[in-house]
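Residue numbers (this note's numbering), protein chains in the order written: chain A, 690 to 803; chain B, 69 to 184. Yeah, the Cβ is synthetic: ideal placement off N, Cα and C, and Gly gets one too. Computed from a predicted model, the values in this text were never measured in an experiment. A short write-up of the structure that comes next.
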Amino acid sequence: GAGVSQSPSNKVTEKGKDVELRCDPISGHTALYWYRQRLGQGLEFLIYFQGNSAPDKSGLPSDRFSAERTGESVSTLTIQRTQQEDSAVYLCASTKSRDSYGYTFGSGTRLTVV
Amino acid sequence: AQKVTQAQTEISVVEKEDVTLDCVYETRDTTYYLFWYKQPPSGELVFLIRRNSFDEQNEISGRYSWNFQKSTSSFNFTITASQVVDSAVYFCALVDRGSTLGRLYFGRGTQLTVWP
């Protein structure tokens, strides 16, 4: 597609429920990143995918967070047993490769845990 | 370790005023890129500029200009004759070119409000 697409744009969930966030990168972009933006904060790195290589999960805050990506296509970020501190905007970015440095960001998913 | 500091949390100006957003960074790498992004209320990050660590020339694009000084590890952003549409959160970010991840390190952002 023309840009990075994220869905849903907004999600309200009850504490303890699982949620799945989706990111559809730009076609041909091999590198994909997930970031979390808490209210009034900068973006925190969560996870990185590069082609078919093993993802770098060093930024995931707990084992309740996981992400998958099939090849160079869609990625899903799953948060299990959501907590109120998970409330944030989750942003996805893609780039042609990890050393091309031309990042395109999606509009994000605003997650609210009540 | 990499770190980006945007000391100004919020700035308010009146239209047509000039405003400078500060960015100070830390990195041990000698090759890196610096970025500025704009985040309007709609939420997406809009790319404004990317600067290579080897290129210290200042850049001007319309009402926007950037002052990169390696000696002070700063990459400041000036908006001349600000407009209401400039109201947004602005993020400064860094990526080390030697990184195996290519991950961006962001500052906390500066909320700019331009009043009519």
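Under 7 Å by beta carbon: chain B residues contacting residue i
i: G795 (chain A); result: E112
i: S734 (chain A); result: First, the residue type needs correcting, since residue 734 (chain A) is Phe and not Ser in the sequence shown. Under the 7 Å cutoff, chain B gives R171.
i: A720 (chain A); result: G170
i: D745 (chain A); result: L169
Neighbouring residues, chain A, relative to residue i (Cβ below 7 Å)
i: V163 (chain B); result: Y790
i: R118 (chain B); result: Y790
Unbroken beta strand (DSSP E) run spanning residue i, endpoints
i: K106 (chain B); result: 100–107
i: F159 (chain B); result: 156–164
i: C91 (chain B); result: Unbroken run through C91 (chain B): none, as it is neither H nor E.
i: K71 (chain B); result: 71–73
i: L735 (chain A); result: 732–739
i: A720 (chain A); result: 720–726
Interface partners of residue i on chain A, CB under 8 Å
i: G175 (chain B); result: G731
i: F159 (chain B); result: G731, L732
Backbone secondary structure at residue i - three-state DSSP
i: V763 (chain A); result: coil
i: S783 (chain A); result: strand
i: T181 (chain B); result: strand
i: Y775 (chain A); result: A quick correction: the sequence has Asp, not Tyr, at residue 775 (chain A). D775 (chain A): helix per DSSP, three-state reduction.
i: V81 (chain B); result: strand
i: V701 (chain A); result: strand
i: V803 (chain A); result: coil
i: V152 (chain B); result: helix
i: S696 (chain A); result: strand
i: A743 (chain A); result: coil
i: Y792 (chain A); result: coil
i: I715 (chain A); result: coil
i: A691 (chain A); result: coil
i: R770 (chain A); result: coil
i: L710 (chain A); result: strand
i: F751 (chain A); result: The sequence as given places Ser at residue 751 (chain A); Phe does not occur at that position. S751 (chain A): coil per DSSP, three-state reduction.
i: T95 (chain B); result: coil
i: R171 (chain B); result: coil
i: R176 (chain B); result: coil
Amino acids of chain B, ordered along the chain, whose beta-carbon sits closer than 9 Å to that of residue i
i: L780 (chain A); result: G111, E112, L113
Chain B residues whose Cβ lies nearer than 8 Å to that of residue i
i: D713 (chain A); result: Within 8 Å Cβ-Cβ: nothing; D713 (chain A) doesn't reach chain B, min ~14 Å.
Cross-chain neighbours of residue i in chain A, by beta carbon under 9 Å
i: Y101 (chain B); result: Y790
Stretch pair the region 712–729 of chain A + the region 764–775 of chain A: three plus CB contacts closer than 8 Å:
yes
If we count Cβ pairs, one from each stretch, closer than 8 Å, do we get three or more for the region 726–745 of chain A versus the region 166–184 of chain B?
yes
The region 98–115 of chain B / the region 153–166 of chain B touching (three or more Cβ pairs under 8 Å):
yes
Quick check: the region 772–781 of chain A against the region 76–88 of chain B, are at least 3 beta-carbon pairs closer than 8 Å?
no
Is the region 696–713 of chain A close to the region 115–135 of chain B, with three or more CB pairs under 8 Å?
no
Contact between the region 112–123 of chain B and the region 785–800 of chain A (3+ Cβ pairs under 8 Å)
yes
As an exercise, report each continuous beta strand (DSSP E) stretch of at least 3 residues that is fully enclosed by the region 104–150 of chain B, in chain order.
114–120, 127–129, 132–137, 142–147
Contact between the region 748–762 of chain A and the region 81–89 of chain B is defined here as three or more beta-carbon pairs at a separation below 8 Å; is this criterion met?
no
Looking at C-beta atoms only, is the number of pairs between the region 84–95 of chain B and the region 139–148 of chain B that lie closer than 8 Å three or more?
yes
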